[in-house]
Structures are given as C-alpha cells and as structure tokens.
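Each remark here refers to the structure printed beneath this line.
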Amino acid sequence: MAQGLELSVTDFQSTWNNMRHHTEEISSDHLVVRRGQAFNIILYFRNRGFQPDLDNIIFVVETGPLPDLDKGTRAVFSLSGHRSPSPWMASLETNKAVSLEVSLYAPPTAAVGRYLLKVHIDSFEGSVTAYRLGEFILLFNPWCSGDAVYLESEPQRQEYVMNDYGFIYQGNKNWIYPCPWNYGQFEENIIDICLKLLDKSLNFQTDPATDCALRGSPVYISRVVCAMINSNDDNGVLNGKWSENYLDGTNPAEWTGSVAILKQWHTTGCQPVRYGQCWVFAAIMCTVMRCLGIPTRVITNFDSGHDTDGNLIIDEYYDNTGRILENKKKDTVWNFHVWNECWMARNDLPPGYGGWQVLDATPQETSNGLYCCGPASVRAIKEGDVDLSYDTAFVFSMVNADCVSWLIHGGKEQRLHRDTNAVGNFISTKSIHSDERDDVTENYKYEEGSPQERQVFLKALQKLKTGGPQDHYQADSQPSRPMPLSQDSPRSLNTPSLRPSDVIQVSLKFQLLDPPNMGQDIRFFLLALNMSLQFKDLKVNLSAQSLLHDGSPLPPFWQDTAFIQLFPEEEKTYPCQIPYSQYSQYLSTDKLIRISALGEEKSNPEKILVDKIITLVYPAIMINVLGAAIVNQPLAIQVIFSNPLSEQVADCVLTVEGSGFFKKQQRVLIGVLKPQQRASITLKTVPFRSGQRQIQANLRSNKFKDIKGYRNVYVDLTL
17 MAQGLELSVT
27 DFQSTWNNMR
37 HHTEEISSDH
47 LVVRRGQAFN
57 IILYFRNRGF
67 QPDLDNIIFV
77 VETGPLPDLD
87 KGTRAVFSLS
97 GHRSPSPWMA
107 SLETNKAVSL
117 EVSLYAPPTA
127 AVGRYLLKVH
137 IDSFEGSVTA
147 YRLGEFILLF
157 NPWCSGDAVY
167 LESEPQRQEY
177 VMNDYGFIYQ
187 GNKNWIYPCP
197 WNYGQFEENI
207 IDICLKLLDK
217 SLNFQTDPAT
227 DCALRGSPVY
237 ISRVVCAMIN
247 SNDDNGVLNG
257 KWSENYLDGT
267 NPAEWTGSVA
277 ILKQWHTTGC
287 QPVRYGQCWV
297 FAAIMCTVMR
307 CLGIPTRVIT
317 NFDSGHDTDG
327 NLIIDEYYDN
337 TGRILENKKK
347 DTVWNFHVWN
357 ECWMARNDLP
367 PGYGGWQVLD
377 ATPQETSNGL
387 YCCGPASVRA
397 IKEGDVDLSY
407 DTAFVFSMVN
417 ADCVSWLIHG
427 GKEQRLHRDT
437 NAVGNFISTK
447 SIHSDERDDV
457 TENYKYEEGS
467 PQERQVFLKA
477 LQKLKTGGPQ
487 DHYQADSQPS
497 RPMPLSQDSP
507 RSLNTPSLRP
517 SDVIQVSLKF
527 QLLDPPNMGQ
537 DIRFFLLALN
547 MSLQFKDLKV
557 NLSAQSLLHD
567 GSPLPPFWQD
577 TAFIQLFPEE
587 EKTYPCQIPY
597 SQYSQYLSTD
607 KLIRISALGE
617 EKSNPEKILV
627 DKIITLVYPA
637 IMINVLGAAI
647 VNQPLAIQVI
657 FSNPLSEQVA
667 DCVLTVEGSG
677 FFKKQQRVLI
687 GVLKPQQRAS
697 ITLKTVPFRS
707 GQRQIQANLR
717 SNKFKDIKGY
727 RNVYVDLTL
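Throughout the sequence shown, residue numbering follows this note's numbering, covering 17 to 735 in sequence.
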C-alpha cells in the first residue's frame, strides 16, 4: 500500500527567480518576485515521488495580519488543474523521482507585500498534511502588460525602476545645477523598511485588513507612501523644516542619499528623521516607489507657486524700496520645488489620463485630511481638468498660476503688474541613461503666451467655480507682458520690468558681471533703457535680501538709491557691488539672494519693478578612482576638496556614499580648513555590484553645509 506523500524541504530558487524578476539586486537569498510573472519552486519529498492520480497538492498564499479570501489577501489554488475561483495559479514543470518543480503565478492585480506560502498535500488514503514553506515578497511589475504600472519602454524601465542614483535639479531658473543623489532602493534592508513604512501608515493602523486588500492599486499605494514620507500626521520618515536652525538634526542640504535616512528612521523605532525639505521628501519617495516596482522620477519646477486660497493667483507684496514682504495669505513662489512623477494606469479617471502622475510628499496642504498630494494626472494638469482626483487643482497652481505684484506704501496697496508666465519654468528631470537634464515643461502646460495656455487657465478657473478671480482676470484680459530677455548667458537673465510700454516706456534690467561664486563680492549693474522720445528722470531704490528655499524673505542687508537721467532712446548702466563681508553674515543656507529695483519717474505715479534671484555657488568636490573598478577587488577612491572662503572654517565633515561601493555612508572628520586650503582624502573599499554606479560626496563646516561632488564609475565583473 502506497504511503502518503511527505514533504522534506523546499527550494525557492531565489537566485534564479530573482534574476528573472529583475530583483537580484534586492536579494539573492530571499525570494522577491513580481506579480503577473511566474516563478518556480522545487518541492523535495521524503518517501516517494509525486503521483498525479494519487496526490493533490493545494497551495495557500496569505498576506497581512488578517488574510481573507473575499478580500483577496488569501488565495487557495490547486496543482491538479481543477478549476478554481482563485486568480493565482500553479502548474507542473518537472516531476522527478523525489522532487517536483512547480510554477506559481500571482495575478497582475494581486496586493503587493510580504506573503506566506503554505501547501496542503492530500494523498489517496484521505490524509491531509499541511506544511509552511516560507515567505516571499511580491512587487509591482512594470514588465507585465497586465499590471497597472506597465511601462512599455525598456530604457525607461531601466531608468525609472532599476537605476539607483540620479540628479535632483536645484538653483533657480537662470542657474540650474544638478545635485547628485543616491536612491539606493536595492541596498540591504531597504525593501523591509519600505514594507514597514506601509504597515506604519494610519490606514493600516486603523483597518489593516482593508489596507492590505487595497495594496494591489498603485493609486492607493502612492497616496499611502506620499503621506508616510512626511511626519505631519503620523510617524512618517521625515520632519520638514524651512527655518535656519537645524542644531537638533541634520541640515537638509547635507543629505546625499536616501539610505541613511530610511535606515535611521527604522533603527530608531520609526521616529521621524530631522530634517527634510522638498528635494529630500521627493528623493525618499523615489527610493520607496522604485523599490516597490512603480516607475518613478524626480521632477523640479522652477518658480513654483504655492496658492493657499485656490484662486490660481499668487499675490506678492513689496515696499517702496522694492523688497518683498511677508505674505499674510502665505502665498509664495518657491525658487524651485521638487516632487515625483509615478507611472500608472488611472482606471478611476476618464480614458487618456493614465501615465505620469504627480505625487508631492512635501507637506504643504492637506488632501482628504492628510498631508499628501496626488496622484494628479499630468495630462489633466495640462488640460486644466482640475476637478479630477487627486489634488489636480493644487498642482495646476504650482505650474500655471498668475502672479500679481502689489506695492504697499502709506497703508495703501497699489497694483504693479500681473505676470502670466512667472510661475512654472524649466520643469526638469534627469534624462534616460544620461546625466543631461530633460525639460518636460510642455507635458504640464501649453506654451506661455499661446491662446491654448490662456484657454486652459480660464477653463481651470471655471471648474474651480471661483467667479471673483475669473471676473477679475477678464477685466484685465490684456495683462502686461515682459520685455524680451536678452541673449546673454543664462546667469545674466532676469525678470525685466513689467509695465506696459505705453505707460512709462522705461525698461530696467539686472546683469551680473561675474559668476556668483561664494566668498567673492557680487558685482552687477542695473541697465536702464529709455524707449520713448521724451526725457526721463528716474529715481530707483535698490535692495538685496536673502530668501529661504520656500520663497520666504529675510530682512534686507543692502540698500542703495540711484538717480538716473535718460535722454530719448538712451541707455545707461548703474554699477553695484555687494561685498562678501556684507552678505556672508545674512546668507541663508539656501544661498539665495534677491536683488530688486523699484523705479519711478518724477512726473509719473507708475512704478517699475525688476528683480533677480542669485544662487551663490561653491566649487565642486573632485572624486578620482585610482585604478580599475572590479567586483570584489580592493579599490582606492581619492576625494579632493577646498575651503572656498578667505576665512578659516571649522567642524569640517566629509561624507561619501555610493550604492555598490559602500555598505553604509562614510564619514571623515576633517576639523579645521584654513582660508582657500585644498585637501585630499583617500578611501579604500571593495565594490560589490557591477554596472554603472555613482559615488556622491558632501563637505560641511560651520560656514557652509553643502559642497558636493560626484563621479560616475563603471564596475566590471572581472578583469
């Protein structure tokens, strides 16, 4: 009489399966697979081989603390091929003497997360034996056409899912620079931290069964992750801070990667990490989403509007010296703002609104009671369909609000101008397989000044049902247009005077004389052009003030008054200089200085306002790789850096990281650097991953926080 089939061991074939599922960099020891794609396991038996006519093998998969067949968090399916209501499937691959290779298949709509796999063996004599086989992790699958995150282009999948480093664009629209970042989504324990993050969400804490059941939806997952990146409502990953006091944490400018932040959050019992600003929030979200398998990229919007009252108008207030004032409504224009785009189908929206979706983890406004934003369809933003979920109206205002400037003088408000293209410029992301910047502005809005752009703006106003602002706009349907920008280098561009040419007929414009290097005096001139046939006698008040990253102004530290007389069609320059000794003590860590000029003609009550934002820059850190980079072979890395200032700096710390090069961030205490001192540090490491990699470095001191550098390195498998 035949014995009942007894299971001995199970081989999850993790290395082989993970390679086929593009998860080999996450782990080779633990099974990590993607939904909508089969994976194979081998069952080894103790007493005999599998006999299809005698044995029935039934698989059970469960996820979450309360697995449920009806909710889809538990599935039961048979190897025998009998019809089953479960979308999970098992099929026989090979049947040998004492082993059985089985192919298991998770449907492309299955909830992602950690699963327990069990098997029930029902043998001929009626005995049923249950075995716990082990755990595996199931992820989204952008390679599967049935998955909502399917991305057809392999180069895009490599960039937006598999690439573990990139650039986050910062600065201002006239000087855009790439900040290197180590996303590190495949580093040790990051997948476990990402799953822990889902379990720490308010949704899971409130109703874990429903939360786990909804984890098959990238729309749902993205909103949960977005809320969990910031700590405003929960024990999320990051505390945000936009002031200048970071003594009880890390200045946001110092971070160079996501791994250290996520690991700190996890090892401290999920206590929020201090501190982050928009690019850090977006970078952490990019890491988590790529790790879970959702194609994600980081987007920078220069001159990003924050419209607090939802009327698509950003009001800015100035005094009679031209300095920008604190806004009571908290409307602001950030010099840049960073968010994410995630790729997914949107079955909850009309056809055609899937694809790239905006998600903004920076806590600005609440969405359904939580600090998160999105997913908002990029196409819906461009078409002004601000009534579509989620938070489309708010994102629309960030890229396409109008900006109205007001002069506050003598307790009265005088409207200076309305600018229809001040907000939303040079919307940027890293190019595919390149270190170049990709401008995606046309994805978000029609060309500024085009009829389509104004039609979309009015359509959005109508949908928001804000009759007041719409009427206000129509009453001023011919807003003043900026004068054409000069064809100078990008550093010399600025917002020119914005008064209609038939009112005062004078143009003012700033131009830098030198690159804005930190530690050097800022030399520039004000260019005044009389475009009329009449004599003009101008008084111009000039000022300079530091700005925080979110557009908040600090008090002016430099002021001047110029008296300029212009004959018909005459052009004059007025030279200006702000010494380093003057601006250094007032500079914010964002290194932003706003210079402005408010001009008036003695015989004309109209005012001319011109401003320019300057981002001061440091010389980059230089990184040299000394020898060939080969997996499991020792490698020396030289880091060369300088104190760019003409004064001594103290408390210098160099941090270096890079996925595939270092298991954790390297910190080197430097101490004091003399004025203009150049130094070199050599680090030794053993690369453990092949392919294109990046090393990132940051130098901080008591005088500066973010001198950065990077080096791309290709690591070979063998000599």
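A virtual CB, placed ideally from N, CA and C, is assigned to each residue, including glycine.
Just so we're clear, the structure is a prediction, and the values are computed from it rather than from any experiment.
Within 8 Å, strictly: CB atoms of Gly368 and Val472:
Their beta carbons are not under 8 Å apart, which means Gly368 does not touch Val472 by this criterion.
Looking at C-beta atoms only, is the number of pairs between the stretch 321-335 and the stretch 143-161 that lie closer than 8 Å three or more?
No contact exists between the stretch 321-335 and the stretch 143-161.
For Val402, which residues from the same chain have a beta carbon less than 8 Å from its beta carbon, with the 5 sequence-adjacent residues on both sides left out?
Same-chain partners within the cutoff: Ala396, Thr408, Ala409, Phe412, Ala476, Lys479, Leu480.
Per DSSP, Ala544 is paired with what?
Note: Ala544 sits in a beta bridge opposite Leu524, Lys588.
Beta-carbon proximity of Val641 to Ala713, cut-off 8 Å
Going by C-beta atoms, Val641 is not nearer than 8 Å to Ala713.
Classify Trp424: buried if its beta carbon has 16 or more other beta carbons within 10 angstroms, exposed otherwise.
In the sequence on display, residue 424 carries Ile and not Trp. With fewer than 16 Cβ atoms within 10 Å of its Cβ, Ile424 is classed as exposed.
Under 8 Å by Cβ, that's how I've got Leu543 and Leu558 pegged, so tell me the actual separation to the nearest angstrom.
Taking 8 Å as the upper bound for CB-CB distance, Leu543 and Leu558 are not in contact here, some 13 Å apart.
Would Phe583 and Tyr599 be called neighbours here (beta carbons separated by less than 8 Å)?
It is not a contact, given that the beta carbons lie outside the stated cut-off.
Between Ile624, Ser447, Pro531, which has its C-alpha nearest Lys525's C-alpha?
Answer by Cα proximity: Ile624.
Residues in the same chain with beta-carbon distance under 6 Å from Val688, minus the five sequence neighbours each way, listed in chain order, please.
Result list for Val688: Ala666, in chain order.
Exposed unless 16 or more other CB atoms sit within 10 angstroms - verdict on Leu47:
Looking at its Cβ environment, which holds 16 or more other Cβ atoms inside 10 Å, Leu47 is buried.
In the stretch 665-735, which residue ranges form an unbroken alpha helix (DSSP H) of at least 4 residues, counting only runs that do not cross its ends?
Complete alpha helix (DSSP H) runs here, min 4: none at all.
Since I believe His136 is in contact with Gly144 (beta carbons under 8 Å), could you give me their beta-carbon distance rounded to a whole number of angstroms?
In the sequence as displayed, the identity of residue 144 is Val instead of Gly. Indeed, because the Cβ distance is near 6 Å, the residues count as touching under 8 Å.
Secondary structure at Ile637, three-state DSSP: helix, strand or coil?
The DSSP-derived three-state label of Ile637 is coil.
Inter-residue Cα distance where the pair is Val626 and Asp722
Their Cα atoms are separated by approximately 30 Å.
Measuring straight from C-alpha to C-alpha, what distance separates Val702 and Ser675?
If you take the alpha carbons of Val702 and Ser675, they lie about 12 Å apart.
In terms of residues, what are the limits of the beta strand (DSSP E) holding Asn188?
That run of the beta strand (DSSP E) goes 181-188.
Can the beta-carbon of Arg182 be found closer than 8 Å to that of Val394?
As written in the sequence, residue 182 is Gly, which differs from the Arg given in the question. Their beta carbons are not under 8 Å apart, which means Gly182 does not touch Val394 by this criterion.
Report the rounded CA-to-CA distance for Leu70 versus Ser44, giving the unit in angstroms.
Separation of Leu70 and Ser44 (C-alpha to C-alpha, rounded to the nearest whole angstrom) is 35 Å.
Reduced DSSP category for Tyr121 - H, G, I as helix; E, B as strand; rest coil:
In the structure shown, the three-state DSSP call for Tyr121 is strand.
Name the residue from Lys112, Ala113, Val118, Asp84 whose alpha carbon lies nearest to the alpha carbon of Ser102.
Relative to Ser102, the option among Lys112, Ala113, Val118, Asp84 whose CA is nearest is Asp84.
Is the beta carbon of Tyr166 less than 8 Å from the beta carbon of Val77?
Contact flag unset, no.
So, are the CB atoms of Val354 and Cys294 less than 8 Å apart?
Here Val354 is near Cys294, since their CB atoms are less than 8 Å apart.
Within a Cβ cutoff of 6 Å, which residues of the same chain sit near Asp521, ignoring the five residues on either side of it in sequence?
Asp is not the amino acid found at residue 521; the sequence shown has Gln there. Closer than 6 Å at the Cβ level, and outside the excluded window around Gln521, lie Met547, Ser548.
How do the stretch 170-185 and the stretch 256-272 stand: do at least 3 beta-carbon pairs fall below 8 Å, yes or no?
The stretch 170-185 vs the stretch 256-272: no contact.
Report the three-state DSSP secondary structure of Ala392 (helix, strand or coil).
In the structure shown, Ala392 sits in a strand (DSSP, three-state: E or B).
Every unbroken beta strand (DSSP E) within the stretch 239-323, with a cutoff of 3 residues, ordered by chain
If we require 3 residues or more, the beta strand (DSSP E) runs fully inside the stretch 239-323 come out as 254-256, 289-292, 312-322.
Buried or exposed by the 16-neighbour rule on C-beta atoms within 10 Å, applied to Pro196:
Residue environment for Pro196: buried (at least 16 other C-beta atoms within 10 angstroms of its C-beta).
Tell me the rounded alpha-carbon separation between Asp725 and Trp159.
The question names Asp, but residue 725 in the sequence shown is Gly. Here the alpha carbon of Gly725 sits roughly 34 Å from the alpha carbon of Trp159.
Three-state secondary structure (DSSP) of Trp32:
DSSP places Trp32 in the helix class (H, G or I) of the three-state scheme.
Under 6 Å Cβ to Cβ from Asp227, same chain only, skipping five residues before and after it: list those, please.
Here the set comprises Asn219, Phe220.
Of all the options Gly385, Gln664, Asp319, Gly567, which has the alpha carbon lying nearest to the alpha carbon of Lys189?
It is Asp319 whose Cα lies nearest to the Cα of Lys189.
Outcome for Pro366 when other beta-carbon atoms lying within 10 angstroms are tallied against a minimum of 16:
With fewer than 16 other CB atoms across the displayed protein chains lying within 10 angstroms of its CB, Pro366 is exposed.
Should the stretch 356-365 be called in touch with the stretch 208-219, which here means at least 3 C-beta pairs below 8 Å?
When Cβ pairs closer than 8 Å are counted between the two stretches, the stretch 356-365 is seen not to touch the stretch 208-219, the count staying below three.
What is the rounded straight-line gap between the Cα of Gly535 and the Cα of Tyr176?
If I take the Cα positions, the gap works out to 38 Å.
Considering Cα atoms alone, identify which of Ala299, Val304, Asp576, Thr378 is closest to Leu214.
If we check each option's Cα against that of Leu214, Val304 comes out closest.
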